[in-house]
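Comments concern the structure below.
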Amino acid sequence: MEDCIFCRIVAGEIPADVVHTTERTVAFRDQNPQAPLHVLVIPKEHHANAADLATADPAASAELVRTAAAVATAEGYDDHRLVFNSGAEAGQTVFHTHLHLLAGRPMTWPPG
Ligand code: AMP
946 MEDCIFCRIV AGEIPADVVH TTERTVAFRD QNPQAPLHVL VIPKEHHANA
996 ADLATADPAA SAELVRTAAA VATAEGYDDH RLVFNSGAEA GQTVFHTHLH
1046 LLAGRPMTWP PG
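With the numbering used here applied, the sequence shown has no gaps in its numbers, which climb one by one up to 1057 at the end.
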């Protein structure tokens, strides 16, 4: 997807603060962090949202969650929040599957 910003990060065409990579995923710091730790974990392959990824590649879907937990641990945070926004009304602005990893401050519920 030439016009997908996250595909361009995977391809190395746009700089990102990458903290971890696996066979199927890339994890990088969010440019507009909402917590002391805010990392996005994305599949290297383009899929529009979490459900599309889980349908097309369940192994990659599981790898996103494992990678997020590994990054949280490596950064010193046992407690963390994982979020998928799916659809514009839910707050999705980049339509390449991404798992938000947030940690380092008290979290409230429900989210806004
Ligand atoms: P969402 O609103 O769930 O689609 O989340 C998209 C996230 O991507 C937002 O938190 C943005 O701050 C983040 N983001 C967009 N472009 C970049 C980029 N080039 N590098 C890092 N984070 C980005």
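Cβ atoms here follow ideal geometry from the backbone N, Cα and C, with glycine treated the same way. Source: prediction; values computed, not measured.
Phe951 places its beta carbon 8 Å or farther from that of His1025. Under the three-state reduction of DSSP, Val955 is assigned to helix. In the pairwise beta carbon analysis, the segment 969-976 is classified as not touching the segment 1031-1040: fewer than three pairs are separated by under 8 Å. In the three-state reduction of the DSSP assignment, Arg1050 falls in the coil class, being assigned neither a helical nor a strand state. Taking the Cα of Val1028 as reference, the smallest distance to any Cα among Tyr1022, His1045, Ala993 is reached at His1045. Counting every other CB atom within 10 Å of its CB across the protein chains shown gives Pro960 a total below 16, marking it as exposed.
Pairing Val984 with Leu1009 gives a Cβ-Cβ distance that is not under 8 Å. Of the candidates Pro1055, Arg1050, Ala956, Val1016, Val1016 places its Cα closest to the Cα of Arg974. Here Thr1012 is buried, its C-beta having at least 16 other C-beta atoms within 10 Å.
With a threshold of 16 other beta carbon atoms within 10 Å, Ala1007 falls short and is exposed.
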